[in-house]
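Numbering (this note's numbering), first residue to last: 4 to 190.
Each residue gets a CB set at the ideal place from its N, CA and C atoms; glycine is no exception.
Report on the following structure.
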Ligand SMILES: [Fe+2]
Ligand SMILES: [Fe+2]
């Protein structure tokens with residue numbers, strides 16, 4: 004699922020302003036991803052018999068931490084401020100992770116599938132937009148997107164779609180992610 008590329012605003016500074024939006028929203032997304040997995044691990048790493056998913060979550064969180072560190076560096080390099088919503092996203096993401104984990108491992112995987120689907124589509128749109136004018140960044144986003152796809156696929160293999168209330172849970176999480184993306188680009 005990919006979004007139509009958003010053309011940079013015309014006039015001087017339009018391209019720089021669009022790059023700032025891209026870096027800000029991606030930083031927010033990766034920060035959210037780290038905190039979702041952290042919230043899920045806070046619940047499931049304590050639970051008996053959940054060692055398998057706890058290890059999977061730890062591994063995925065490790066990838067997200069690498070993505071986040073890269074966007075931290077890119078924000079600094081380009082003089083872009085993080086979204087003002089950062090403290091809210093941290094809490095909301097941790098709560099989403101912990102909440103879905105409390106519903107059980109399949110719900111935790113359903114959360115991963117929903118979030119990673121939105122993120123990979125979001126990256127696909129940015130990659131299409133940036134290929135011409137920022138090829139190095141596009142290549143980097145492409146590598147991150149591949150990892151998000153792998154996270155999504157693992158979640159599906161592990162039974163995400165068998166989670167209780169899957170359709171509603173997935174739709175609500177996807178809508179939340181899309182709203183967070185829109186807000187983080189601008190605020
Ligand atoms: Fe990521
Ligand atoms: Fe991911």
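Note the first and the last residue of the continuous alpha helix (DSSP H) segment covering residue i.
i          : result
residue 55 : 54 to 81
residue 43 : 17 to 47
Give me the Cβ distance between residue i and residue j, rounded to the nearest whole Å; I'm assuming they're in contact under 8 Å.
i           : j           : result
residue 115 : residue 155 : 7 Å
residue 105 : residue 159 : 21 Å between Cβ atoms; not a contact.
residue 123 : residue 148 : 5 Å
residue 56  : residue 111 : 7 Å
residue 40  : residue 60  : 5 Å
residue 92  : residue 35  : 5 Å
residue 67  : residue 33  : 6 Å
residue 141 : residue 134 : 5 Å
Is any heavy atom of ligand 4 found at a distance shorter than 7 Å from the C-beta of residue i?
i           : result
residue 119 : With respect to ligand 4, the structure shown offers nothing to examine, as its ligands consist of ligand 1 and ligand 2.
### Message
Residues around ligand 1, please: the condition is that the C-beta lies closer than 6 Å to some non-hydrogen atom of it.
### Response
33, 36, 67, 70, 147 and 151
### Task
Could you name each continuous beta strand (DSSP E) segment of 3 residues or more that falls completely within the region 104 to 179, going from the start of the chain to the end?
none
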